[in-house]
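Student: First residue of the sequence shown: 1, per the numbering used here; consecutive thereafter.
Every residue gets a Cβ at the ideal spot worked out from N, C-alpha and C, and that includes glycine.
Bear in mind that the values here come from a model prediction, so they are computed numbers and not experimental data.
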Amino acid sequence: MYFGFLIFCYYLICYYFLFRIITWINKVLPHTTKELVREKHMRLIERRKRTLSVKKLIILIIVWFIIVSINMIAFFMPVGNKAEIYFHNFANTLFGATLIMLFVIVIIDLLRLVIRIALRKEKRYKAILNNQRFIWGCAIVTFALGVIGSVYGLIHAHYIKDTYYDVTIYKNVELKETVSGKTDELKIVLVADQHLGTIMGADDIENMVEHINAMEPDLVCFAGDFFDNHFEDIDDPDRIIAALNTITAPYGCYACMGNHDVDERLLSGFSAYSYTHALQDPRFVKFLEDCGVTVLQDETYLIDDSFYLIGQKDYEKPGDGTRNRASIEDLTEYLDQSLPIIDLNHEPRELMRTANAGVDLHLSGHTHNGQFLPLSLGINLVWENPFGVKEVTPGRYSIVTSGVGVYGPAFRIGTDAEVVCITVHFKSAGTEINN
């Protein structure tokens, strides 16, 4: 049922785009047929229609169907096959470009509406809106922005930005093993959404590791979606393992799992089946452990006898075919609340509930900050904190990264791939009153 709905939405978007293109083509085609039309004054005049012939229209629809169905072909191909990877990447890029051009078409339609309203009394809007130069201009702008946006997005997706945040937690701490030697300051590097597989590979991981080590972290947290669903699609795993083992952090590297850290089929980046089919491949955890990363799945570690680190299973897809996972209250119930509590949770959900359970710092990814226009425009409507730092309650924070990698269309437009460095300052309890 869900898969059928996903296919319906996919083809609906693709064919709505084709419908709009056909509409423009019909308005700029040379005159092809004639008919007699009776005017108000009962005078017969000749009017010429512009239209695609039925034969050409059918050919166009069939060709477009074949092109957009490449995604469906890739969906059913054996995983790990190079042809499957190429087909997926081509189809996802085409779908992303289609979304960009649809966004431009919506803007043009709004412009047409403004012209129609502004000139309706003078009745000049039809002459403007049906002017061939205007239509050609709209078409050229749409396709140009689609191509330019796609090329820019593909290139920009692989450039990593360094992001720095400072937060203050009002709890007494005496750290012993920090890089800086400071006992009241913890430097955490947060990364997420590598989506290792058909798009993101060894070059991207090596680049990420360079950024991480340059920040000289005390602790590194991977906030889920390290993989892109299929272990077989990982590019040069030995090289990736070697790169991740060069990360230097005295308190180590830890990870939680995300909704893509399961073995399942995707259509343009979206899950084709429900969570009941989304099972965690044990090779994912083994791979991360080989990389020197400790995976926390509804587990809590006390680090340096100074602070707690919780790693939660994913809210959407815990990886066992259910949605069963420990609540944040269960995970914090027996902790010493006088010590800082850090929660590593892929999706930035239930922020107030998490803060009320005693969590001082909630670290997440998942949102990609929308990844690319037009998807990024509505991201604030979906998530309470889609990106950046949010102080949920005084001294308790949610930090969400836009991630390192991409999923679906491999674009980043209006967002950045990033590695986040968080400097946590610890101050004596009660001093927040004076700040």
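Tell me which same chain residues have a C-beta within less than 6 Å of the C-beta of Lys176, skipping the five on either side of it?
Tutor: Excluding sequence neighbours, Lys176 sits near Asp304.
Student: How about Thr423 and Lys187: do their beta carbons lie closer than 9 Å?
Tutor: In contact: Thr423 and Lys187 (Cβ atoms closer than 9 Å).
Student: With H, G and I counted as helix, E and B as strand and the rest as coil, what does DSSP make of Ile234?
Tutor: In the structure shown, Ile234 sits in coil (DSSP, three-state: anything other than H, G, I, E or B).
Student: Less than 6 Å between C-beta atoms, sequence neighbours within five positions excluded: which residues of the same chain meet that for Tyr437?
Tutor: Since the displayed the chain opens at 1 and closes at 435, residue 437 lies outside it and no answer follows.
Student: From what residue to what residue does the alpha helix (DSSP H) around Ser150 run?
Tutor: That run of the alpha helix (DSSP H) goes 132–156.
Student: Using 10 angstroms around the beta-carbon of Ala243, count the other beta-carbons present and answer buried if the total reaches 16, otherwise exposed.
Tutor: Its Cβ being crowded by 16 or more others within 10 Å, Ala243 is buried.
Student: Rounded to a whole number of angstroms, what is the C-alpha to C-alpha distance between Ser428 and Gln194?
Tutor: Spanning the two alpha carbons is a distance of roughly 36 Å.
Student: Under 9 Å between C-beta atoms, does Leu335 make it to chain C?
Tutor: Among the chains in the structure shown there is no chain C, since it carries only a single protein chain.
Student: In angstroms with no decimal places, state the Cα-to-Cα distance between Leu279 and Thr322.
Tutor: Straight-line Cα distance between these residues: approximately 9 Å.
Student: Tell me the rounded alpha-carbon separation between Arg325 and Lys317.
Tutor: Rounded to the nearest angstrom, the two C-alpha atoms are 10 Å apart.
Student: Glu264: which of Phe231, Thr294, Thr98 sits nearest, CA to CA?
Tutor: Considering only alpha carbons, the answer is Phe231.
Student: Assess, as a yes-or-no matter, whether the segment 411–419 is touched by the segment 370–386 under the definition of 3 or more beta carbon pairs within less than 8 Å.
Tutor: Enough Cβ pairs lie closer than 8 Å, so yes.
Student: Would you call the segment 249–261 and the segment 287–296 in contact, with 3 or more CB pairs under 8 Å?
Tutor: The segment 249–261, when compared against the segment 287–296, does touch it at the 8 Å Cβ threshold.
Student: Can you look up Phe226 in the DSSP assignment and give me helix, strand or coil?
Tutor: Coil, per DSSP.
Student: Is it the case that the Cβ atoms of Val191 and Val167 are separated by a distance below 9 Å?
Tutor: Contact flag unset, no.
Student: Compute the distance between the beta-carbons of Leu267 and Phe75, then report whether it is under 9 Å.
Tutor: Result yes, Cβ atoms of Leu267 and Phe75 sit closer than 9 Å.
Student: Are the beta-carbon atoms belonging to Val68 and Cys9 less than 9 Å from one another?
Tutor: Not in contact: Val68 and Cys9 (Cβ atoms no closer than 9 Å).
Student: Evaluate the contact criterion for the segment 131–150 versus the segment 386–400: three or more CB pairs, one atom per stretch, below 8 Å.
Tutor: Output reads no: the segment 386–400 does not touch the segment 131–150.
Student: Return the chain-ordered list of same chain residues with a C-beta closer than 6 Å to the C-beta of Glu329, the five sequence neighbours on each side being excluded.
Tutor: Contacts found: Ala357.
Student: Let me know the secondary structure DSSP gives Tyr86 once reduced to three states.
Tutor: Note: Tyr86 maps to helix in three-state DSSP.
Student: Just the Cα atoms here: how many angstroms apart are Leu94 and Leu18?
Tutor: Going from the Cα of Leu94 to the Cα of Leu18 covers about 13 Å.
Student: State yes or no: is the C-beta of Pro409 within less than 9 Å of the C-beta of Leu99?
Tutor: Taking 9 Å as the Cβ cut-off, Pro409 and Leu99 qualify as a contacting pair.
Student: Within its chain, find whatever has a CB closer than 8 Å to the CB of Phe134; leave out the 5 residues flanking it on each side and keep chain order.
Tutor: The residues are Ile128.
Student: Mapping the DSSP letters down to three states, classify Ile45 as helix, strand or coil.
Tutor: With a pLDDT of only 45 at Ile45, under 50, the local geometry of the prediction cannot be trusted, and the value read off the model is given with reservation. Three-state result, Ile45: strand.
Student: Only counting the same chain, and skipping five residues up and downstream in sequence, which positions put a Cβ closer than 6 Å to that of Thr32?
Tutor: Low per-residue confidence applies at Thr32: pLDDT is 45, beneath 50, and the placement is therefore not dependable, though the value from the model is reported in the following sentence. No residues qualify anywhere along the chain.
Student: Using only alpha-carbon positions, find the residue among Thr183, Ile107, Asn172 that is nearest to Ser338.
Tutor: Out of Thr183, Ile107, Asn172, Asn172 has the C-alpha closest to the C-alpha of Ser338.
Student: Tell me which same chain residues have a C-beta within less than 6 Å of the C-beta of Tyr301, skipping the five on either side of it?
Tutor: Cβ within range, chain order: Leu309.
Student: For Gly224 and Gly365, which I take to be in contact (beta-carbon distance under 8 Å), what is that distance rounded to the nearest angstrom?
Tutor: With a Cβ gap of about 6 Å, Gly224 and Gly365 count as contacting.
Student: If you compare alpha carbons, which of Asn207, Arg20, Ala83, Ile107 is closest to Tyr60?
Tutor: It should be noted that the sequence gives Leu, not Tyr, for residue 60. Nearest C-alpha to Leu60: Arg20.
Student: Would you kindly check if the distance between the Cβ of Gly405 and the Cβ of Asp228 is under 9 Å?
Tutor: Yes, these two residues count as a Cβ contact at 9 Å.
Student: May I have the straight-line CA-CA distance separating Val189 from Cys256, to the nearest angstrom?
Tutor: Their backbone Cα atoms lie some 14 Å apart in a straight line.
Student: Thinking C-alpha only, which one of Thr367, Pro394, Thr393, Val392 is nearest Leu381?
Tutor: Of the listed residues, the one whose Cα sits closest to Leu381 is Thr367.
Student: Starting from the C-beta of Ile105, find all residues in its chain whose C-beta is less than 7 Å away, skip the five residues before and the five after it, and write them out in chain order.
Tutor: The residues are Arg20, Thr142.
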